[in-house]
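Peer 1: Below you will find the structure I want to go over with you.
Numbering (the working numbering), first residue to last: 1 to 415.
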């Protein structure tokens with residue numbers, strides 16, 4: 001904590017300041033170093049007889065937020081241009097990025113954790129003036145540091161709070177419906193094939209893409225059917241697709257709270273949830289209604305893109321894929337506007353109908369050609385006209401009728 005930015009003989013921050021040496025600033029604070037957790041005047045770490053016990057933090061008046069002029073001490077060896085930022089798995093969630101210019105622009109020279117041993121709430125307390133231990137010494141901001149990023153999502157949660165609502169950054173709910181438009185919640189009865197219709201995805205603080213998946217069904221007290229536990233806690237969304245069939249997103253379980261401890265073998269999405277190809281998965285995360293078998297599923301809100309990894313490069317994109325073939329590039333049914341009811345658009349239905357007619361017409365044409373290739377029997381003019389019209393309209397019943405008449409004519413001729 002040597003005050004290297006000040007001329008010798010000038011006290012740092014207590015009585016006089018060399019303003020001419022400092023760039024324009026909006027705020028100022030000083031960290032003092034102590035030898036005990038009391039952070040009292042009689043415990044000031046004065047080994048260097050007046051030097052090394054203080055560190056100044058000057059907030060620069062620049063376009064980049066949280067850019068400080070810092071002298072030697074916490075996060076700085078000499079005089080540094082430090083910008084505070086957020087990162088996961090760094091304890092407090094706060095990192096100090098050093099730059100070679102006073103505006104904190106461009107590429108950072110280095111990045112280091114502010115305090116790996118602190119949780120986010122403890123870091124906030126430190127910024128507010130709490131006496132805090134750092135490697136056997138105690139530091140304290142004499143004036144609260146008021147300008148710092150909100151790293152509550154990236155910072156760790158106090159151990160006592162793990163599993164409580166405060167330990168989660170966000171919660172999403174996925175519901176099961178009995179209709180293709182996600183309007184009728186799946187009704188549970190004693191004899192239902194499933195006994196759950198609503199699940200929660202809770203996103204842990206401090207670890208990126210770490211979740212708890214829990215049954216959130218509201219059940220009638222009269223239901224007597226046994227409920228299978230489908231919860232999966234402390235798992236991460238990670239990218240992978242070992243068999244080439246998955247949507248690219250896999251689940252990595254951990255044996256400790258908030259994805260800590262030892263990692264288990266990663267699971268495919270289909271191992272735990274309904275099989276979805278990459279487009280259907282994106283639709284689900286965008287709170288669109290997605291049909292799965294005889295049911296439909298939908299999220300209560302659109303997921304933030306920060307809450308799941310982009311695994312598109314790992315996903316199955318052609319041929320047979322888990323959850324069905326990927327027909328085209330995902331574009332989304334419509335922009336999410338708050339309501340979770342997202343019907344299929346007319347354009348989507350017309351496109352699918354046209355594709356079905358095309359495939360159907362081609363198939364029937366080939367069938368007709370094969371049936372008449374070695375026959376002297378042909379359709380008369382009116383019959384051929386009716387068949388051609390039925391093929392163009394994709395009318396299966398009419399086409400079947402024309403083929404049956406033609407086949408009977410051929411059989412009669414052969415006899």
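Using N, Cα and C, we set each Cβ at its ideal position, and we do this for glycine too.
Count the CB pairs spanning the region 253-266 and the region 226-234 that are closer than 8 Å, and state whether there are at least three.
Peer 2: Yes: at least three Cβ pairs fall under 8 Å.
Peer 1: Is it a yes or a no for the region 178-194 touching the region 142-160, going by three-plus beta-carbon pairs under 8 Å?
Peer 2: Counting Cβ pairs under 8 Å, fewer than three are found: no touch.
Peer 1: Give the DSSP bridge partners of residue 99, in chain order.
Peer 2: BP columns for residue 99 point to 81.
Peer 1: Taking its Cβ as the centre, do 16 or more other Cβ atoms sit within 10 Å of residue 209, making it buried, or is it exposed?
Peer 2: Under this definition residue 209 is a buried residue.
Peer 1: Cutting at 6 Å between CB atoms, please list the residues of its own chain near residue 227, excluding the five before and the five after it.
Peer 2: Answer for residue 227: 195, listed in chain order.
Peer 1: Tell me the start and end of each unbroken beta strand (DSSP E) in the region 128-155 that is at least 3 residues and wholly inside, in chain order.
Peer 2: Listed in chain order, they are 132-134 and 137-141.
Peer 1: Taking all protein chains shown into account, do 16 or more other C-beta atoms lie within 10 angstroms of the C-beta of residue 278, making it buried, or fewer, making it exposed?
Peer 2: Per the 10 Å Cβ criterion, buried.
Peer 1: Could you give the DSSP three-state label for residue 200: helix, strand or coil?
Peer 2: Correct three-state label for residue 200: strand.
Peer 1: Leaving out five residues on either side along the sequence, give the residues of the same chain with a beta carbon under 7 Å from the beta carbon of residue 280.
Peer 2: Closer than 7 Å at Cβ, skipping near neighbours: 290 and 323.
Peer 1: Would you give the residue range spanned by the alpha helix (DSSP H) that residue 284 belongs to?
Peer 2: Residues 278-285.
Peer 1: How do the region 104-114 and the region 160-174 stand: do at least 3 beta-carbon pairs fall below 8 Å, yes or no?
Peer 2: Cβ pair count under 8 Å is below three, so no.
Peer 1: Evaluate residue 97 with the Cβ neighbour count: other Cβ atoms within 10 Å of its Cβ, from every protein chain shown; 16 or more gives buried, anything less gives exposed.
Peer 2: Classification of residue 97: buried, given that the 10 Å Cβ count is 16 or more.
Peer 1: In the DSSP assignment, the beta strand (DSSP E) including residue 215 goes from what residue to what residue?
Peer 2: Start and end: 210-215.
Peer 1: Three or more C-beta pairs under 8 Å: does that hold for the region 119-135 against the region 143-157?
Peer 2: As far as the Cβ criterion goes, the region 119-135 touches the region 143-157, which means the pair count is three or higher.
Peer 1: Please classify residue 167 as buried or exposed, where buried requires at least 16 neighbouring CB atoms within 10 angstroms.
Peer 2: Buried, by the Cβ-count rule.
Peer 1: Using DSSP with H/G/I as helix, E/B as strand and the rest coil, what is residue 250?
Peer 2: Of the three classes helix, strand and coil, the one that applies to residue 250 here is strand, per DSSP.
Peer 1: State yes or no: is the C-beta of residue 149 within less than 9 Å of the C-beta of residue 76?
Peer 2: Not in contact: residue 149 and residue 76 (Cβ atoms no closer than 9 Å).
Peer 1: Starting from the C-beta of residue 283, find all residues in its chain whose C-beta is less than 6 Å away, skip the five residues before and the five after it, and write them out in chain order.
Peer 2: Here the set comprises 290.
Peer 1: Helix, strand or coil, according to DSSP, for residue 296 in the structure here?
Peer 2: Reduced to three states, the DSSP call for residue 296 is strand.
Peer 1: Alpha carbon to alpha carbon, what distance is there between residue 203 and residue 307?
Peer 2: The straight-line gap from Cα to Cα measures roughly 8 Å.
Peer 1: Count the other CB atoms within 10 Å of the CB of residue 315; is the residue buried (16 or more) or exposed (fewer)?
Peer 2: With 16 or more other Cβ atoms within 10 Å, it is buried.
Peer 1: So what's residue 303 in DSSP terms, helix, strand or just coil?
Peer 2: In the structure shown, residue 303 sits in coil (DSSP, three-state: anything other than H, G, I, E or B).
Peer 1: Measure the C-alpha to C-alpha separation of residue 320 and residue 304 and round it to an integer number of angstroms.
Peer 2: Looking at the two C-alpha atoms, the distance is approximately 29 Å.
Peer 1: Do the region 292-300 and the region 212-231 meet, that is, are 3 or more Cβ pairs less than 8 Å apart?
Peer 2: Because the criterion of three Cβ pairs below 8 Å is not met, the region 292-300 and the region 212-231 do not touch.
Peer 1: With C-beta atoms as the reference, is residue 118 less than 9 Å away from residue 84?
Peer 2: Cβ atoms of residue 118 and residue 84: not closer than 9 Å.
Peer 1: Distance check for residue 91 and residue 125, CA to CA, integer angstroms please.
Peer 2: Looking at the two C-alpha atoms, the distance is approximately 14 Å.
Peer 1: Which term fits residue 38, buried or exposed, when burial requires 16 or more other beta carbons within 10 angstroms of its beta carbon?
Peer 2: Per the 10 Å Cβ criterion, exposed.
Peer 1: Distance, Cα to Cα, residue 74 vs residue 259?
Peer 2: If you take the alpha carbons of residue 74 and residue 259, they lie about 29 Å apart.
Peer 1: Find out if the Cβ-Cβ distance for the pair residue 57, residue 94 is shorter than 9 Å.
Peer 2: No, these two residues do not count as a Cβ contact at 9 Å.
Peer 1: Give the DSSP-derived three-state secondary structure of residue 116 in the structure shown.
Peer 2: The answer is coil: DSSP assigns residue 116 none of H, G, I, E or B.
Peer 1: In chain order, what residues of the same chain lie with their CB nearer than 6 Å to the CB of residue 212, ignoring the 5 residues before and after it?
Peer 2: Here the set comprises 202 and 233.
Peer 1: For residue 185, collect the residues of the same chain with a Cβ closer than 7 Å to its Cβ; drop the 5 residues on either side in sequence, then sort them by chain order.
Peer 2: Excluding residues within five positions, the ones whose Cβ falls inside 7 Å are 175, 177 and 197.
Peer 1: Please state the DSSP three-state secondary structure of residue 320.
Peer 2: If DSSP states are grouped into helix, strand and coil, residue 320 belongs with coil.
Peer 1: According to DSSP, is residue 166 helix, strand or coil?
Peer 2: It is helical.
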